[in-house]
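Step one of this worksheet: look at the structure below.
Protein chains in written order, with the numbering used here: chain A, 83 to 386; chain B, 4 to 180.
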């Protein structure tokens with residue numbers, strides 16, 4: 083009997099101890115919960131770049147599910163026009179209007195139309211890997227971008243003797259990016275541009291290039307961006323595209339201002355057919371984007 | 004001796020009943036509308052623990068858990084205002100001062116006063132607010148609504164006081180089972 087009593091009182095003591103931690107230490111329980119949750123949750127990195135395009139070229143970012151992005155990419159005439167041409171602001175400018183849509187948080191599609199060589203383009207972009215920490219660790223974000231471009235300017239087509247599908251080019255890019263910290267992000271973008279018919283004799287149909295891009299945060303709403311594409315199969319008479327700019331954030335917009343030697347804003351035109359050297363014939367340009375919510379994403383619908 | 008054992012057993016039962024009066028959930032909801040003209044944001048994965056015995060109540064919410072329908076606003080909220088990489092969560096640790104007024108065994112809605120420390124953006128402030136506790140069978144639903152002055156918590160930005168209200172109206176709903 084004495085033994086039973088001892089055991090029972092021991093149990094009582096132990097359970098009393100439990101009761102104590104259970105009822106009086108709500109705060110401690112919460113702290114432990116938080117610690118557990120931190121290890122249990124995958125924290126996906128956001129805003130590696132501020133926009134789905136670094137300047138001309140794509141960034142690893144995709145637009146949110148159910149969001150539509152109306153973009154105007156605009157490049158003035160070269161600065162070398164001087165004061166008489168108001169440093170290129172008089173034009174003629176090159177413009178690309180684009181409409182992008184986020185199907186999921188990882189998959190987006192877009193269409194665009196440039197006045198330069200009257201080119202239509204369409205692209206699909208998919209985030210294959212997402213940089214994350216916590217439960218699952220991933221050092222980089224990997225995004226595939228596939229683009230198709232079609233020139234429809236009759237005078238250009240006649241001059242270059244292009245008929246039917248010869249006017250079509252494709253681009254495949256793999257953007258590999260990492261946000262190192264809140265200040266610095268870096269991206270490398272191996273890109274393949276495929277010409278159905280090349281515009282220069284002896285040029286390759288498949289042209290490989292490597293894009294380098296970075297984002298440096300200057301202040302809460304101002305970021306410095308730079309983008310350079312090195313071509314391994316450069317066609318004669320063409321240059322590598324270099325662009326330097328600033329991203330400004332204002333509410334629902336991101337406003338990008340930059341200097342570039344590229345004339346066009348599609349993979350074919352800016353990567354492989356940039357004619358001017360940076361410095362000689364630099365252009366001032368801007369990207370304007372306005373994001374609209376078309377469909378509430380599942381995560382938001384669920385949360386409401 | 005039998006009497007003693009019985010007494011101990013009875014004591015044990017009471018104690019375990021005592022111990023169970025901790026209510027938990029990982030699906031509490033916090034809602035507010037940071038930008039006056041835009042749709043609000045919601046976090047429905049908030050952790051909460053409530054002790055019915057001493058009235059202690061705690062909340063913990065991941066800042067990244069606040070979902071916006073516009074992904075750009077969500078990015079700005081995290082990066083420019085809440086700095087969620089530096090301050091990943093918001094917390095509340097406090098007391099329901101009149102917990103004695105709530106009968107957890109009887110269905111009904113009880114008015115309560117909550118007092119405690121609210122931590123947002125790494126800054127802790129003491130707040131007092133009123134709310135309700137609804138007892139419905141085994142379910143306990145805590146609701147409250149309070150105002151938070153953005154500048155009290157060191158959150159800075161160009162649009163605060165303009166597009167973004169200087170004082171935010173926060174709604175908390177927590178269903179414990």
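All C-beta atoms, glycine included, are put in the ideal place defined by N, C-alpha and C.
May I have the straight-line CA-CA distance separating residue i from residue j, to the nearest angstrom?
i: residue 370(A); j: residue 55(B); result: 55 angstroms
i: residue 168(A); j: residue 340(A); result: 17 angstroms
i: residue 153(B); j: residue 81(B); result: 14 angstroms
i: residue 62(B); j: residue 173(A); result: 58 angstroms
i: residue 128(A); j: residue 328(A); result: 19 angstroms
i: residue 105(A); j: residue 127(B); result: The predicted model places residue 105(A) with a pLDDT of 45, which falls under 50 and marks its position as unreliable, so this point remains unresolved.
i: residue 25(B); j: residue 129(B); result: 24 angstroms
i: residue 248(A); j: residue 158(B); result: 56 angstroms
i: residue 357(A); j: residue 134(A); result: 25 angstroms
i: residue 290(A); j: residue 273(A); result: 6 angstroms
i: residue 161(B); j: residue 85(B); result: 14 angstroms
i: residue 47(B); j: residue 373(A); result: 25 angstroms
i: residue 75(B); j: residue 146(A); result: 8 angstroms
i: residue 211(A); j: residue 221(A); result: 9 angstroms
i: residue 256(A); j: residue 268(A); result: 14 angstroms
i: residue 42(B); j: residue 187(A); result: 19 angstroms
i: residue 114(A); j: residue 125(B); result: 19 angstroms
i: residue 271(A); j: residue 207(A); result: 13 angstroms
i: residue 38(B); j: residue 301(A); result: 21 angstroms
i: residue 259(A); j: residue 166(A); result: 42 angstroms
i: residue 314(A); j: residue 277(A); result: 15 angstroms
i: residue 363(A); j: residue 125(A); result: 44 angstroms
i: residue 240(A); j: residue 171(A); result: 30 angstroms
i: residue 45(B); j: residue 94(B); result: 16 angstroms
i: residue 366(A); j: residue 288(A); result: 30 angstroms
i: residue 98(B); j: residue 29(B); result: 19 angstroms
i: residue 141(A); j: residue 140(B); result: 53 angstroms
i: residue 368(A); j: residue 167(B); result: 27 angstroms
i: residue 296(A); j: residue 307(A); result: 6 angstroms
i: residue 100(B); j: residue 108(B); result: 19 angstroms
i: residue 58(B); j: residue 214(A); result: 38 angstroms
i: residue 237(A); j: residue 201(A); result: 13 angstroms
i: residue 197(A); j: residue 350(A); result: 14 angstroms
i: residue 209(A); j: residue 130(A); result: 13 angstroms
i: residue 107(A); j: residue 173(B); result: 26 angstroms
i: residue 151(A); j: residue 312(A); result: 29 angstroms
i: residue 77(B); j: residue 246(A); result: 44 angstroms
i: residue 354(A); j: residue 322(A); result: 7 angstroms
i: residue 184(A); j: residue 194(A); result: 15 angstroms
i: residue 112(A); j: residue 113(B); result: 24 angstroms
i: residue 337(A); j: residue 134(B); result: 43 angstroms
i: residue 40(B); j: residue 169(B); result: 14 angstroms
i: residue 64(B); j: residue 250(A); result: 51 angstroms
i: residue 191(A); j: residue 72(B); result: 18 angstroms
i: residue 149(B); j: residue 123(B); result: 14 angstroms
With DSSP as the reference, please indicate the residues paired to residue i in a beta bridge.
i: residue 320(A); result: Bridge partners of residue 320(A): none, in fact.
i: residue 121(B); result: 95(B), 128(B)
i: residue 170(B); result: 152(B)
i: residue 124(A); result: 216(A)
i: residue 61(B); result: 52(B), 96(B)
i: residue 27(B); result: 52(B)
i: residue 304(A); result: 330(A)
i: residue 275(A); result: 253(A), 289(A)
i: residue 336(A); result: 331(A), 371(A)
i: residue 177(B); result: 145(B)
i: residue 365(A); result: 160(A), 342(A)
Thinking residue i and residue j are a contact (beta carbons under 8 angstroms), I'd like their distance in whole angstroms, please.
i: residue 148(A); j: residue 376(A); result: 6 angstroms
i: residue 199(A); j: residue 344(A); result: Not confirmed; about 13 angstroms, so no contact.
i: residue 105(B); j: residue 60(B); result: Not quite, the Cβ-Cβ distance comes to about 11 angstroms (not below 8 angstroms), so this is no contact.
i: residue 330(A); j: residue 96(B); result: Wrong, their Cβ atoms sit about 39 angstroms apart, outside the cutoff.
i: residue 252(A); j: residue 230(A); result: 6 angstroms
i: residue 171(B); j: residue 35(B); result: 5 angstroms
i: residue 32(B); j: residue 176(B); result: 5 angstroms
i: residue 266(A); j: residue 298(A); result: 6 angstroms
i: residue 244(A); j: residue 217(A); result: The Cβ separation is near 52 angstroms, so there is no contact.
i: residue 153(A); j: residue 182(A); result: 7 angstroms
Shorter than 8 angstroms from the beta carbon of residue i to some beta carbon of chain E?
i: residue 25(B); result: Note that chain E does not occur in the displayed structure, where the protein chains are A and B.
Between the region 83-90 of chain B and the region 102-120 of chain B, are three or more C-beta pairs nearer than 8 angstroms? The answer is no - the region 102-120 of chain B does not touch the region 83-90 of chain B, with fewer than three Cβ pairs under 8 angstroms.
Whole runs of the beta strand (DSSP E) within the region 132-199 of chain A, excluding any shorter than 3 residues: Segments of the beta strand (DSSP E) lying fully in the region 132-199 of chain A: 149-160, 176-184, 189-196.
Specify whether the region 64-73 of chain B and the region 129-148 of chain B touch according to this definition: at least 3 beta carbon pairs, one from each stretch, less than 8 angstroms apart. No: fewer than three Cβ pairs fall under 8 angstroms.
When the Cβ atoms of the region 176-183 of chain A are set against those of the region 224-241 of chain A, are three or more pairs found closer than 8 angstroms? With a cut-off of 8 angstroms on Cβ pairs, the region 176-183 of chain A is not in contact with the region 224-241 of chain A, counting fewer than three such pairs.
The region 275-290 of chain A / the region 301-320 of chain A touching (three or more Cβ pairs under 8 angstroms): The region 275-290 of chain A, when compared against the region 301-320 of chain A, does touch it at the 8 angstroms Cβ threshold.
What ranges does the beta strand (DSSP E) occupy inside the region 224-267 of chain A, keeping only unbroken runs of at least 3 residues that lie completely in it? Whole beta strand (DSSP E) segments, 3+ residues: 250-261.
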